[in-house]
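Same order as they appear, the protein sequences are chains F and R. Quick note on numbering: the first sequence equals residues 16 to 257 in our numbering. Quick note on numbering: the second sequence equals residues 6 to 490 in our numbering. Backbone N, C-alpha and C define an ideal beta-carbon position, used for all residues, glycine too. Remember, it's a predicted structure, so these values are computed and weren't measured experimentally. Reviewing the structure listed below.
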Amino acid sequence: MALLSEPAVAIVGARACSPYGAQVARMLGRELATAGVLVVSGLARGIDGEAHLGALAGGGHTVAVLGCGIDRDYPAAHAALARSIGERSLIVSEYEAGVEPAPWRFPARNRIIAGLCAATVVVEARERSGALITADFALEEGREVFAVPGEITSALSAGSNALLRLGATPLTAAVDVLESLGIQPPPDRAVAANPLLDLLPATADELVRRTGLAVGEVIAALAELDVAGLAAEGDGIYRRLA
Amino acid sequence: MLARAVTFALVGLEPRRVEVEAHIQGGTPSLTIVGLADRACQEAKQRVRSGIVSAELEFPGSRVTVNLAPAELKKEGSGFDVPIALALLAASHQLPRARLAEHASCGELALDGRLRRVGGVLAVAEGARRDELERIICPYEACAEAALAGVEPVGVRHLADAVAYLRGELEPPEYIVGNGKPRRRPLDLADVRGQERGRRALELAAAGCHNLLLGGPPGTGKTMLARRLPGILPPLEEEQALEVTRIHSVAGLVDPDHPLIGYAPFRAPHHSASTAAIVGGGPRLRPGEASLAHRGVLLLDELAEFQRPALEALRQPLEDGELVVARAAGSVRFPARFQLIGTMNLCPCGARGDPGAQCSCSAQRLARYRDKLSRALLDRFDLVVTIPRARALELQGGPGEASDPVRSRVVAARLRLAEVAPKRVAAADELLTRAVERLPLSGRGRAKVAGVSRTIAALAGSDAVLPEHVAEALAYRAPSELATP
Chain F
16 MALLSEPAVA IVGARACSPY GAQVARMLGR ELATAGVLVV SGLARGIDGE
66 AHLGALAGGG HTVAVLGCGI DRDYPAAHAA LARSIGERSL IVSEYEAGVE
116 PAPWRFPARN RIIAGLCAAT VVVEARERSG ALITADFALE EGREVFAVPG
166 EITSALSAGS NALLRLGATP LTAAVDVLES LGIQPPPDRA VAANPLLDLL
216 PATADELVRR TGLAVGEVIA ALAELDVAGL AAEGDGIYRR LA
Chain R
6 MLARAVTFAL VGLEPRRVEV EAHIQGGTPS LTIVGLADRA CQEAKQRVRS
56 GIVSAELEFP GSRVTVNLAP AELKKEGSGF DVPIALALLA ASHQLPRARL
106 AEHASCGELA LDGRLRRVGG VLAVAEGARR DELERIICPY EACAEAALAG
156 VEPVGVRHLA DAVAYLRGEL EPPEYIVGNG KPRRRPLDLA DVRGQERGRR
206 ALELAAAGCH NLLLGGPPGT GKTMLARRLP GILPPLEEEQ ALEVTRIHSV
256 AGLVDPDHPL IGYAPFRAPH HSASTAAIVG GGPRLRPGEA SLAHRGVLLL
306 DELAEFQRPA LEALRQPLED GELVVARAAG SVRFPARFQL IGTMNLCPCG
356 ARGDPGAQCS CSAQRLARYR DKLSRALLDR FDLVVTIPRA RALELQGGPG
406 EASDPVRSRV VAARLRLAEV APKRVAAADE LLTRAVERLP LSGRGRAKVA
456 GVSRTIAALA GSDAVLPEHV AEALAYRAPS ELATP
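What follows is the structure, encoded as structure tokens:
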């Protein structure tokens with residue numbers, strides 16, 4: 016239960032999500048979890064599942080809030096995911112064991128998700144999505160609501176875009192959420208501590224000469240910095256970012 | 006009187022049997038060649054007449070008809086001179102007809118009766134072996150080449166020698182492969198100072214057969230590096246060597262002293278090359294540079310200066326490893342499994358990427374320059390490396406590592422890749438997934454990174470692809486500034 020005292024963020028959205036939505040949900044889940052944020056969602060198919068998966072991949076904690084008894088495998092496709100969440104983190108439900116999943120129980124479950132979290136992120140939502148109900152609960156409680164901008168022609172993004180129009184904060188990176196919670200984004204500690212960073216700007220060859228490392232090691236380290244968003248190459252010269 | 010000689014015409018790389026029939030009948034002295042002979046082949050008349058006279062043999066003083074059968078097959082080039090002359094001499098009873106029919110023959114005649122080398126002797130000899138002819142009469146210099154096909158070459162220097170041999174008066178002279186001359190050594194990597202990143206990319210390209218694009222301002226050593234790739238490639242296997250030699254033979258590019266091309270060939274066509282010059286074709290259906298680079302390296306120096314159609318035509322061989330040149334009369338296949346190395350400046354004026362120079366290119370000019378390379382072609386490069394201008398300090402260093410140790414590593418890595426391709430460990434998979442999310446990396450881009458990371462692992466002697474291998478592979482993806490949509 017100590018888990019629930021950590022800063023928490025809900026990631027919710029459509030069950031039938033697009034590949035874009037799935038990618039964003041997983042990325043957010045992982046990055047938030049890596050930064051030490053508790054990722055809360057509803058174990059549903061689509062966005063919910065991706066957010067849980069991302070959080071687990073990031074080595075962080077994630078809480079699944081169910082709309083049925085915690086002994087039910089619902090949805091069946093997420094049985095394995097539910098087990099690994101149960102082992103590493105927490106699955107909660109306000110219902111007794113054995114209670115059937117039912118459509119009218121899910122909005123009530125959304126109330127708990129919103130309540131647990133300091134902020135709610137809606138990744139993709141149709142016009143009348145359950146995710147919007149979660150957002151409504153969050154707003155009533157005065158919590159922060161983020162929405163991921165989607166294509167204006169896509170029905171899958173109609174709900175999340177409508178939230179933006181009503182004044183939700185557009186989410187462009189996991190950092191946006193972290194800032195609103197007052198958490199310093201810890202960019203991959205091991206990578207950030209890389210001593211090569213202090214030698215930039217330089218070409219790979221110069222780094223090889225100055226550090227005495229093998230060329231393959233230097234290039235691998237530079238690429239890791241690149242993936243972590245700490246350095247970038249332009250015309251053969253690596254420069255430090257930010 | 007009628008007599009026959011056997012030779013072979015080339016359709017692409019394939020020999021087709023041609024019977025050269027000579028018929029002598031009464032009438033006004035004349036020589037007519039029929040059977041779809043091209044211009045060079047028609048001119049054989051004059052060479053054959055002078056050659057026979059120069060060899061102090063008798064040119065028939067009556068009507069002579071030479072037929073090249075089958076008549077519907079187009080015959081090209083001067084290699085028919087010798088079979089025509091021999092058939093004619095047999096028809097006029099100057100040499101035994103039966104013995105001539107047991108031999109294949111080819112070669113061009115000089116006016117003084119000497120034999121000159123022609124292209125495609127290997128293919129003709131292979132045709133002879135296929136048709137179970139045991140000997141081929143050919144110019145002396147082409148002996149070593151003909152012998153590769155497994156038939157016994159009868160190398161002669163003069164038409165008179167060929168006649169003497171067929172009459173049983175002369176044994177064919179011995180031939181010596183190589184004439185004692187050493188083969189030219191490929192350029193060595195020891196000449197390259199500094200350039201650690203470029204050298205590394207070259208080694209990876211060699212180990213994994215990856216296509217490599219080197220970018221950077223002029224004078225940074227891109228071409229110098231690229232030209233040293235053949236020196237670190239493993240030698241060809243025997244079957245491959247024969248395949249490569251056949252192509253070079255048809256193009257007339259075989260070194261008479263060392264006919265078998267046992268090393269990876271290297272071709273570097275100039276950027277003014279036409280599409281036909283690069284992919285093959287033309288009226289005589291010759292293999293192009295892409296086929297001549299089969300099992301070797303095709304270097305396109307100043308890639309963006311090539312004509313766009315010529316570059317786009319390379320996409321087929323890069324995908325299929327062969328070129329199909331289609332003609333109304335049928336199509337011809339040329340093998341073309343080569344490794345592509347491109348070099349280019351980062352902008353048309355060349356100053357980009359050079360801290361000491363100011364680029365004067367307008368945005369449109371820059372866009373036009375980069376548009377030359379379609380995304381599709383750029384996508385074929387597994388390794389993209391920018392070589393910045395080296396500082397004077399690096400050039401003062403000693404010579405770099407020589408080619409020989411690098412080649413040993415390349416050979417070891419290739420063996421390892423051929424046995425069991427290394428697999429990614431979970432952490433490496435995770436890094437790759439993270440990179441696909443963060444970086445502009447397409448599905449094909451992901452596959453390329455995965456392939457290159459396997460090569461890096463194999464080169465490191467590792468049985469598994471570790472995260473650092475994936476990380477290094479990520480550094481060789483095409484930078485976004487080259488990838489104009």
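(1) If contacts are defined as beta-carbon pairs under 8 Å, then Leu-378(R) and Ala-309(R) qualify, I think. What distance do you get, rounded to the angstrom?
(2) Kindly identify the DSSP beta-bridge partner or partners of His-215(R).
(3) Any beta carbon of chain F sitting closer than 7 Å to that of Thr-391(R)?
(4) On the three-pair Cβ rule with 8 Å, is the segment 249-264 of chain R touching the segment 141-157 of chain R?
(5) Cα separation between Pro-34(F) and Phe-152(F)?
(6) What do you get for Val-330(R), buried or exposed, if any count of 16 or more other CB atoms within 10 angstroms of its CB means buried?
(7) In three-state terms, what does DSSP make of Ile-128(F)?
(8) Which bits of chain F does Glu-307(R) rub up against, with CB to CB less than 8 Å?
(9) What does DSSP give as the partner residues of Tyr-253(F) in its beta bridges?
(10) Which residue's Cα is closest to the Cα of Arg-140(R): Leu-7(R), Val-11(R), Ser-254(R) and Ala-295(R)?
(11) Suppose the cutoff is 8 Å on Cβ atoms and the five residues either side in sequence are ignored; what does the same chain contact list for Gly-101(F) look like?
(12) At a CB distance below 9 Å, what residues from the segment 444-466 of chain R approach chain F? Give them in sequence order.
(13) According to DSSP, simplified to helix, strand and coil, what is Ser-379(R)?
(14) Using CA atoms only, rank isn't needed, just tell me which of Glu-157(R), Gly-173(R) and Thr-37(R) is closest to Glu-26(R).
(15) May I have the straight-line CA-CA distance separating Leu-60(F) from Leu-105(F), to the nearest angstrom?
(16) To be precise: take each residue of the segment 213-224 of chain R, compare its Cβ to all Cβ atoms of chain F, and keep it if any distance is under 9 Å. Which residues remain?
(17) I want to verify the contact list: residues of chain F whose CB lies under 7 Å from the CB of Arg-357(R), in sequence order.
(18) Taking 6 Å as the cut-off, is the CB of Gly-450(R) close to at least one heavy atom of the ligand COA?
(19) Count the other C-beta atoms from every protein chain shown that fall within 10 angstroms of the C-beta of Gln-363(R), then say buried if there are 16 or more, exposed otherwise.
(20) State the Cα-Cα distance for the pair Arg-21(R) and Arg-44(R), rounded to the nearest angstrom.
(21) Mind listing which residues of the segment 283-314 of chain R have their C-beta closer than 7 Å to chain F's C-betas, in chain order?
(22) Could you tell me whether the segment 192-209 of chain R touches the segment 163-177 of chain R, where touching means 3 or more Cβ pairs closer than 8 Å?
(23) Let me know if Pro-270(R) comes out buried or exposed under the rule of 16 or more other beta-carbons within 10 Å of its beta-carbon.
(24) Less than 7 Å between the C-beta atoms of Ala-298(R) and Phe-339(R), yes or no?
(25) Shorter than 7 Å from the beta carbon of Thr-77(F) to some beta carbon of chain C?
(26) So with Cβ pairs under 7 Å, would you call Gly-13(F) a contact of chain R?
(27) Rounded to a whole number of angstroms, what is the C-alpha to C-alpha distance between Gly-220(R) and Leu-436(R)?
(28) Can you tell me the Cα-Cα spacing of Val-168(R) and Arg-102(R), whole angstroms?
(29) Name, in chain order, the residues that DSSP records as bridge partners for Val-54(F).
(30) Can the beta-carbon of Thr-391(R) be found less than 7 Å from the beta-carbon of Asp-250(F)?
(31) Could you tell me whether the Cβ atoms of Glu-242(R) and Arg-272(R) are closer together than 7 Å?
(32) Run through chain F and tell me which residues come within less than 8 Å of Leu-73(R), C-beta to C-beta.
(33) Determine, using beta carbons only, whether Ile-62(F) comes closer than 7 Å to chain R.
(34) Just checking my contact of Ala-129(F) with Ala-23(F) at CB under 8 Å: how many whole Å lie between their CB atoms?
(35) Between His-76(F) and Leu-171(F), is the Cβ-Cβ spacing less than 7 Å?
(36) Beta-carbon within less than 8 Å of Ile-57(R)'s beta-carbon, same chain only, minus the 5 sequence neighbours each way: which residues are those?
Considering the structure as presented:
(1) In the second sequence, the residue the question calls residue 378(R) occupies position 373. In the second sequence, the residue the question calls residue 309(R) occupies position 304. Taking C-beta atoms under 8 Å as the contact rule, Leu-378(R) and Ala-309(R) qualify, at a distance of about 6 Å.
(2) For the purposes of this step, residue 215(R) is taken as residue 210 along the second sequence, with counting starting at 1. Beta-bridge analysis with DSSP links His-215(R) to no other residue.
(3) Position 386 of the second sequence holds residue 391(R). Output row for Thr-391(R): interface = yes.
(4) Yes: at least three Cβ pairs fall under 8 Å.
(5) What you label residue 34(F) is simply residue 19 of the first sequence in a count that begins at 1. What you label residue 152(F) is simply residue 137 of the first sequence in a count that begins at 1. C-alpha separation (whole angstroms): 27 Å.
(6) In the second sequence, residue 330(R) corresponds to position 325, counting from 1. Burial state of Val-330(R) is buried, judged by a 10 Å Cβ sphere holding 16 or more other Cβ atoms.
(7) Along the first sequence, one-based indexing puts residue 128(F) at 113. Ile-128(F): helix per DSSP, three-state reduction.
(8) Residue mapping note: residue 307(R) aligns to position 302 of the second sequence, counting from 1. What Glu-307(R) touches in chain F: nothing, since even the nearest Cβ is about 18 Å away.
(9) Here residue 253(F) refers to the residue found at position 238 of the first sequence. Per DSSP, Ala-217(F) and Glu-248(F).
(10) Position 135 of the second sequence, counted from the start, is the residue given in the question as residue 140(R). Closest in C-alpha terms to Arg-140(R), from the list Leu-7(R), Val-11(R), Ser-254(R) and Ala-295(R), comes Val-11(R).
(11) Counting from 1 along the first sequence, the entry for residue 101(F) is found at position 86. If we look at Gly-101(F) and ignore the five residues flanking it on each side, it has no Cβ neighbours.
(12) Look at the segment 444-466 of chain R: the residues with a C-beta under 9 Å from a C-beta of chain F are Leu-444, Ile-461, Leu-464 and Ala-465.
(13) Stepping through the second sequence from its first residue, residue 379(R) is reached at position 374. Three-state DSSP puts Ser-379(R) in coil, outside helix and strand.
(14) Counting from 1 along the second sequence, the entry for residue 26(R) is found at position 21. Cα-wise, what sits closest to Glu-26(R) is Thr-37(R).
(15) To locate residue 60(F), count along the first sequence from 1; it is residue 45. To locate residue 105(F), count along the first sequence from 1; it is residue 90. Reading the sequence as shown, one finds Arg at residue 60(F) and not Leu. Cα to Cα, the separation comes out at about 18 Å.
(16) Considering only beta carbons, the part of the segment 213-224 of chain R lying closer than 9 Å to chain F consists of Gly-220, Gly-221 and Pro-222, in chain order.
(17) Here the question's residue 357(R) lines up with position 352 in the second sequence. Ordered by position in chain F, the residues that pass the 7 Å Cβ test against Arg-357(R) are Asp-250.
(18) The model on display carries no ligand, and the ligand COA is accordingly not part of it.
(19) What you label residue 363(R) is simply residue 358 of the second sequence in a count that begins at 1. Exposed: under 16 other Cβ atoms inside 10 Å.
(20) Within the second sequence, the letter at position 16 stands for residue 21(R). Within the second sequence, the letter at position 39 stands for residue 44(R). Each residue's CA atom was taken as its position, placing Arg-21(R) and Arg-44(R) some 19 Å apart.
(21) Among the residues of the segment 283-314 of chain R, none has a Cβ less than 7 Å away from any Cβ of chain F.
(22) Taking 8 Å as the limit for Cβ pairs, the verdict is that the segment 163-177 of chain R does not touch the segment 192-209 of chain R.
(23) Indexing the second sequence from 1 puts residue 270(R) at position 265. So Pro-270(R) counts as buried.
(24) Residue 298(R) sits at position 293 when you count from the first residue of the second sequence. Residue 339(R) sits at position 334 when you count from the first residue of the second sequence. Not closer than 7 Å, so no.
(25) The structure shown contains no chain C; its protein chains are F and R.
(26) Absent from the structure is residue 13(F), since the part of chain F shown begins at 16 and ends at 257.
(27) Residue mapping note: residue 220(R) aligns to position 215 of the second sequence, counting from 1. Residue mapping note: residue 436(R) aligns to position 431 of the second sequence, counting from 1. If you take the alpha carbons of Gly-220(R) and Leu-436(R), they lie about 26 Å apart.
(28) Here residue 168(R) corresponds to residue number 163 of the second sequence, with the count starting at 1. Here residue 102(R) corresponds to residue number 97 of the second sequence, with the count starting at 1. Whole-angstrom Cα-Cα distance: 11 Å.
(29) Mapped onto the first sequence, residue 54(F) falls at position 39. Its beta-bridge partners are Val-24(F) and Thr-77(F).
(30) Counting from 1 along the second sequence, the entry for residue 391(R) is found at position 386. Counting from 1 along the first sequence, the entry for residue 250(F) is found at position 235. Taking the C-beta atoms as reference points, Asp-250(F) is found nearer than 7 Å to Thr-391(R).
(31) The residue you call residue 242(R) lines up with position 237 of the second sequence. The residue you call residue 272(R) lines up with position 267 of the second sequence. For Glu-242(R) and Arg-272(R), no; Cβs fall outside 7 Å.
(32) Locating residue 73(R) in the second sequence gives position 68, counting from the first residue. Neighbours of Leu-73(R) across chain F, judged by C-beta separation under 8 Å, do not exist; the nearest C-beta is about 59 Å away.
(33) In the first sequence, residue 62(F) corresponds to position 47, counting from 1. Chain R contact via Cβ: absent.
(34) By 1-based counting over the first sequence, the position of residue 129(F) is 114. By 1-based counting over the first sequence, the position of residue 23(F) is 8. About 11 Å; that fails the 8 Å criterion.
(35) Looking up residue 76(F) in the first sequence gives position 61. Looking up residue 171(F) in the first sequence gives position 156. Against a cut-off of 7 Å, the Cβ pair of Leu-171(F) and His-76(F) comes out as no contact.
(36) Numbered from 1 along the second sequence, position 52 holds the residue referred to as residue 57(R). By the criterion of a C-beta distance shorter than 8 Å, Ile-57(R) is surrounded in its chain by Glu-63, Phe-64, Ala-90, Leu-93, Leu-94, Gly-118 and Leu-164, once the five residues flanking it on both sides are discounted.
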